[in-house]
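Asker:
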Amino acid sequence: MNPNTTRRTLCALALFAATTGAALAAPPAPGDSIYQLDVPLTDQDGRPLALDAHRGQPILVSMFYTSCKFVCPMLVDTIRDTTMALSEAERARLNVLIVSFDPAKDSVPVLKKAAEQRSIDARRWALARTDAAHTRKLAAVLGIQYRAVGNGDFNHTTALILLDSEGRIAGRSTRLGKADAAFVKLVRQALKQAAPN
Amino acid sequence: MFNPNRLRALPALALALAAGSARADEGYVSVPAGKMASVLARDANEAPTAVASFSMRATPVTQGEYLRFVTAHPEWRRGRAPKTFTDPGYLQDWRSPLALADAGATQRPVTNVSWFAAQAYCEAEGARLPTWSEWELVAAADATRRDARADPAWLARILGWYARPAQALLPAVGSAPNLYGVRDVHGLVWEWVDDFNALLVSGDSRSADDADKLKFCGAGAINLQDKQNYAVLMRIALLSSLKASDSTGSLGFRCVRPLSP
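Read top to bottom, the protein sequences are chains A and B. Residue numbers are given in this note's numbering: position 85 of the first sequence equals residue 85, and the series is strictly consecutive. Residue numbers are given in this note's numbering: position 49 of the second sequence equals residue 49, and the series is strictly consecutive.
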């Protein structure tokens, strides 16, 4: 092998190792993947959570804030209804991540309380927070709009987003209330396409 | 470790350093805290928007400066930046990933950059994109007044820019400064802001029977107040229509950071 190629290969390998950390087996996320974005999340139990922690399986992602009285509880109910439309085997493989717009008020204990109040399944669901700058970036990759309106409330679009096993947006639903049948179909497809874990 | 890519980048780096230094010296100017009636008012809260002090780049980021950035940060070069963060138009006016279109480009504002790319640039110099309110506070000033927006002559001058046909090549940065010492706020390029994607969020969510209404949550709608200020409203309309990975030939950016003590 020519020495130049060797050096280049070594550089590439070093870069690869640096960007993927311990997960040496995983190739870099595709260019159109949300997982290109590194978001240091913390879940309702105070555990650090990587945005791509569930890479390999599809995931439902959305954003909310806990002091929201009306739409946000409905969002949680809609996600639950969506997962209940799946078979038990399908449901067992589908993770849910809901990230707060309001990191200033949604501390870990506040998220924990919300998780308990809404009786979410903590094995599959995470209510998470990150810093303000990463919140804005995450909303940007997800195409979710939000703006603080000054009295503790946020105006925001509500969307339920399906990421495929590689973190690409595979579906989006803005319907609240009952599960959106077309969206459930997309979730099923994404689960089918991913290898069972 | 020897990296052959680095060697190739050296001439471009030297060029960028030589060309960009004059502008870099000019740096940031301070903007004291202020209150202003934003064109974006909230229906429940029409009090003036309070903006904390900050420092802002006196000029939009130039192509020369952006070239230095991509030289130091290969992951942001055209062709390497991921699709999630940039669209196919990213830096499309450059001759190659490390070469501007021509020598005169160094002093022109960089455009064809996505919101993510603009954020990354600002972060690399310990800064961030301004919020809409910060930008709007600065944009309300003329050379002598903090808020010139009630002056029809001033508004007409700004609107004149929108009436001019787009030029094939943007002029260099560095038009006359406003009261804060900030240049090119009007008349050169559109500018990304941190909260670009939330400016027109409106609607109310009190009833469950309308799917459209349910897209929104919060105290209520943001209404556009000062309808006279078309120039600023056009900015809002443009920014609201964009995705964070989009880029256009007339959209650039500048950065802000906290005032140094």
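Glycine residues also receive a C-beta, built at the ideal position from the N, C-alpha and C atoms.
Could you tell me the boundaries of the alpha helix (DSSP H) in which A/Lys137 lies?
Answerer: Ala132 to Leu142 is the extent of the alpha helix (DSSP H) around A/Lys137.
Asker: Applying a beta-carbon distance threshold of less than 9 Å, which residues of chain A neighbour B/Trp192?
Answerer: Neighbours of B/Trp192 on chain A: none; closest Cβ ~11 Å, over 9 Å.
Asker: Quick one: measure Cβ to Cβ for A/Arg129 and A/Asp106, integer angstroms, because I've assumed they're closer than 8 Å.
Answerer: Contact holds; Cβ gap of about 5 Å.
Asker: Work out the CA separation of A/Gln189 and B/Trp115 for me, nearest whole Å.
Answerer: Taking the straight line joining both Cα atoms gives about 32 Å.
Asker: Nearest CA to the CA of B/Gly27: which residue from B/Thr59, B/Ala50 and B/Ser53?
Answerer: Of B/Thr59, B/Ala50 and B/Ser53, the residue nearest in Cα terms is B/Thr59.
Asker: Give me the residue from A/Val149, A/Arg123 and A/Ala159 with the minimum Cα distance to A/Ala139.
Answerer: If we check each option's Cα against that of A/Ala139, A/Ala159 comes out closest.
Asker: Using a 10 Å radius around the Cβ and a threshold of 16 neighbouring Cβ atoms, would you call B/Glu134 buried or exposed?
Answerer: B/Glu134 should be labelled buried.
Asker: Does the separation of the CB atoms of B/Gly252 and B/Val29 fall below 8 Å?
Answerer: No, the pair does not count as a contact, with Cβ atoms beyond the cut-off.
Asker: Since B/Trp190 and B/Ser250 are thought to touch, with beta carbons under 8 Å apart, how far apart are those beta carbons, to the nearest angstrom?
Answerer: At roughly 6 Å, the Cβ-Cβ gap stays under 8 Å, so B/Trp190 and B/Ser250 are in contact.
Asker: Expressed to the nearest angstrom, what Euclidean distance is found between the alpha-carbon atoms of B/Ser205 and A/Gln44?
Answerer: Confidence at B/Ser205 is low in this model, with a pLDDT of 36, below 50, so the placement of that residue is unreliable and no value is reported for it.
Asker: Can you give the Cα-Cα distance for A/Ala85 and A/Arg124, rounded to whole angstroms?
Answerer: Taking the straight line from one Cα to the other gives about 16 Å.
Asker: When burial is assigned at 16 or more other CB atoms within 10 Å of the CB, is B/Ser207 buried or exposed?
Answerer: Because B/Ser207 sits at a pLDDT of 34, beneath the cut-off of 50, its placement in the model cannot be relied upon, and the following sentence gives the value as read from the coordinates. Flag for B/Ser207 reads exposed.
Asker: What does the alpha-carbon distance come out to for the pair B/Gly79 and B/Ala117?
Answerer: Near 13 Å, if we compare the C-alpha coordinates of B/Ala117 and B/Gly79.
Asker: Would you say B/Asp93 reaches chain A, if we count a Cβ-Cβ gap shorter than 8 Å as a contact?
Answerer: So no, B/Asp93 is outside the interface.
Asker: Give me the chain B residues within the contact set of A/Asp32, using Cβ-Cβ distance strictly less than 8 Å, ordered along the chain.
Answerer: Correct list: Pro82, Lys83 and Thr84.
Asker: Where A/Val141 and B/Val39 are concerned, what is the direct C-alpha to C-alpha distance, given to the nearest angstrom?
Answerer: Distance between the alpha carbons of A/Val141 and B/Val39 is about 27 Å.
Asker: Pull up the CB-CB distance for A/Ala122 and A/Ala115, whole angstroms please, since I reckon it's below 8 Å.
Answerer: With 8 Å as the limit, A/Ala122 and A/Ala115 qualify as a contact, their Cβ atoms being about 6 Å apart.
Asker: In chain C, which residues lie less than 8 Å from A/Leu186 when you measure between Cβ atoms?
Answerer: Note that chain C does not occur in the displayed structure, where the protein chains are A and B.
Asker: State the beta-bridge partners of B/Pro109 as determined by DSSP.
Answerer: Answer is B/Thr62, bridged to B/Pro109.
Asker: Our contact map puts B/Trp154 next to B/Ala148 with C-beta atoms below 8 Å; I'd like the distance itself, whole angstroms only.
Answerer: Going by Cβ atoms, the distance from B/Trp154 to B/Ala148 rounds to 4 Å, so yes, they are a contact pair.
Asker: Taking A/Ala194 as the query, report the chain B residues whose CB atoms sit under 8 Å from its CB, ordered along the chain.
Answerer: Neighbours of A/Ala194 on chain B: none; closest Cβ ~20 Å, over 8 Å.
Asker: Quick check: what's the CA-CA separation for B/Ala101 versus B/Asp93?
Answerer: If I take the Cα positions, the gap works out to 7 Å.
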